[in-house]
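Read in order, the letters of the sequence shown are residues 303 to 605 in the working numbering. Think of the CB as a built atom: it goes at the ideal place given N, C-alpha and C, for glycine as much as any other residue. As structure tokens, the structure follows; a few thoughts come after it.
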Amino acid sequence: MLFPIFRMIEPGKSRIFITGIQGLIGWNLYSYFKQYYPTTGFSRSRVPASNTHGEWYEGLLEDYSRIDLLLDKIRPDVVLHAQAMCNTDLCEIKPEKVELVNVEATRALIQAVSSRSVKFVYLSSEHVFSGKQGCYSETDVCDPISVYGKTKLRAEELVREHLNEHLIIRPGLMIGPSAQGSVGPRDFLLKRLRKELPASYFADEIRSPIMAEEFCMAVEYFLKLNTKDTLHIAGADRISRYDLARCIAYEAGVSGEWIRKKFIADDKQVPRIADCTLDCSLASSKGWNQQNIEFINIALETI
303 MLFPIFRMIE PGKSRIFITG IQGLIGWNLY SYFKQYYPTT GFSRSRVPAS NTHGEWYEGL
363 LEDYSRIDLL LDKIRPDVVL HAQAMCNTDL CEIKPEKVEL VNVEATRALI QAVSSRSVKF
423 VYLSSEHVFS GKQGCYSETD VCDPISVYGK TKLRAEELVR EHLNEHLIIR PGLMIGPSAQ
483 GSVGPRDFLL KRLRKELPAS YFADEIRSPI MAEEFCMAVE YFLKLNTKDT LHIAGADRIS
543 RYDLARCIAY EAGVSGEWIR KKFIADDKQV PRIADCTLDC SLASSKGWNQ QNIEFINIAL
603 ETI
């Protein structure tokens with residue numbers, strides 16, 4: 303355990319509702335919290351049945367009347383809103399859809415919880431920054447350059463405007479299992495490498511990755527503080543996506559010969575963030591112990 307955990311209420315008493323469990327962040331939050339609390343998941347698309355082993359619903363968050371009825375049924379104490387359309391390339395192609403999924407669905411969920419006594423946690427993104435600076439703190443000016451980042455920022459603004467009891471968390475790049483076994487920095491890469499298929503990563507895109515379990519423990523820790531904050535939660539490492547891919551392959555015992563290097567300047571299709579590392583000093587000042595990822599340090603000394 304990386305830092306002391308004090309359950310928000312006794313385990314098994316506090317009811318948790320998590321959206322976006324088909325995505326990497328939502329799936330790992332769902333997998334973690336259902337171990338300790340009555341937890342209900344919600345997904346925009348079907349989650350592999352063999353992986354869920356818990357209560358979850360499928361539907362559209364922007365369907366306010368249905369969400370309102372569902373919240374009446376499960377009566378959550380905490381809502382973790384992780385749903386997002388986050389494929390940055392696809393977001394540029396389908397801006398109307400990403401507006402619906404990332405902004406309007408958030409608006410509908412806010413409307414549904416606003417009359418209830420609920421702690422609302424919005425899972426945002428480091429993409430609310432341009433990536434021109436790096437080591438961003440919570441007080442730095444948000445200047446997103448992508449459709450995805452702009453919708454995440456608008457959703458943040460909705461949360462701040464309409465809900466008093468809220469916590470906005472901007473995660474670092476999460477490393478962990480996916481519901482599908484093929485999504486996210488780890489599963490996508492390893493699936494391709496095991497099939498001897500190339501996987502290309504930017505050598506000049508710098509991130510601050512965090513292990514999924516550490517992130518979920520941090521979310522639980524900050525929920526107990528019951529404060530109205532915007533917090534950055536990320537790992538202490540600063541590493542390029544290319545080097546991170548090589549480290550992940552090394553840790554999994556898979557050959558990295560199919561990992562290809564590319565550069566942002568060579569890709570003109572969509573706006574790319576260069577350095578979206580996060581300064582987590584505020585979270586650390588509240589008792590959270592930021593960690594390096596052990597296998598990264600080991601791998602970088604070897605590969």
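For residue i, three-class secondary structure by DSSP
i: ALA585; result: helix
i: ASP545; result: helix
i: ILE521; result: In the sequence as displayed, the identity of residue 521 is Val instead of Ile. It is helical.
i: ILE598; result: helix
i: ARG488; result: helix
i: GLU507; result: coil
i: TYR438; result: strand
i: VAL420; result: coil
i: TYR359; result: strand
i: ASP445; result: coil
i: CYS604; result: The amino acid occupying residue 604 in the given sequence is Thr; Cys does not appear at that position. In this structure, THR604 counts as coil in the three-state DSSP scheme.
i: ARG494; result: helix
CB-CB length for residue i against residue j, believed under 8 Å
i: ALA386; j: VAL403; result: 7 Å
i: HIS429; j: CYS582; result: Their Cβ separation, rounded to whole angstroms, is 17 Å, which puts HIS429 and CYS582 out of contact at 8 Å.
i: PRO487; j: ARG562; result: Incorrect: roughly 15 Å between the Cβ atoms, too far for contact.
i: TYR332; j: ILE320; result: 5 Å
i: LEU584; j: GLU459; result: Not a contact, Cβ separation roughly 19 Å.
i: TYR359; j: LEU372; result: 6 Å
i: LEU491; j: ALA551; result: 7 Å
i: LEU425; j: LEU495; result: Incorrect: roughly 28 Å between the Cβ atoms, too far for contact.
i: LYS497; j: SER484; result: The Cβ separation is near 11 Å, so there is no contact.
Segment limits, alpha helix (DSSP H) that includes residue i
i: PRO573; result: From DSSP, PRO573 is part of no alpha helix (DSSP H); its letter is neither H nor E.
i: PHE319; result: Looking at the DSSP string, PHE319 is not in any alpha helix (DSSP H); the run it does join, the beta strand (DSSP E), is 318 to 321.
i: TYR366; result: 366 to 376
i: ARG462; result: 449 to 464
i: ARG409; result: 407 to 415
i: ILE327; result: 326 to 335
i: ILE395; result: 390 to 395
Residue i Cβ short of 6 Å to the ligand HEM heavy atom set
i: ALA481; result: In the structure on display, the ligand HEM does not appear, and there are no ligands present to speak of.
Inter-residue Cα distance where the pair is residue i and residue j
i: ILE318; j: GLU559; result: 43 Å
i: GLY328; j: ILE605; result: 32 Å
i: ASP442; j: LEU580; result: 10 Å
i: VAL415; j: ARG462; result: 14 Å
i: ASN466; j: LYS530; result: 7 Å
i: VAL380; j: LEU475; result: 24 Å
i: CYS518; j: LEU602; result: 26 Å
i: MET513; j: GLU553; result: 13 Å
i: SER347; j: ILE477; result: 22 Å
i: VAL420; j: PRO378; result: 7 Å
i: ASP545; j: VAL572; result: 22 Å
i: LEU363; j: PHE422; result: 15 Å
i: SER352; j: GLN482; result: Note that SER352 scores 49 on pLDDT, short of 50, meaning its location in the model is unreliable; the coordinates nonetheless yield the value given after this. Near 10 Å, if we compare the C-alpha coordinates of GLN482 and SER352.
i: ASP370; j: GLN593; result: 39 Å
i: SER480; j: ARG418; result: 31 Å
Beta strand (DSSP E) segment containing residue i, residue limits
i: GLY343; result: 341 to 345
i: PRO479; result: Neither: PRO479 is in no beta strand (DSSP E) and is coded neither H nor E.
i: LYS530; result: Careful: LYS530 lies outside any beta strand (DSSP E) and carries neither H nor E.
i: HIS383; result: 380 to 383
Does the count of Cβ pairs from the stretch 560 to 570 and the stretch 505 to 515 closer than 8 Å reach three?
Yes: the two stretches touch, three or more of their Cβ pairs being nearer than 8 Å.
Kindly confirm or deny that the stretch 466 to 479 and the stretch 532 to 547 touch, where touching means at least three C-beta pairs closer than 8 Å.
The stretch 466 to 479 is in contact with the stretch 532 to 547.
On the three-pair Cβ rule with 8 Å, is the stretch 515 to 525 touching the stretch 589 to 596?
In short, these stretches touch, since the Cβ pair count reaches three.
Are there three or more Cβ pairs, one per stretch, closer than 8 Å when the stretch 425 to 441 is compared with the stretch 375 to 394?
The answer is yes - the stretch 375 to 394 touches the stretch 425 to 441, with three or more Cβ pairs under 8 Å.
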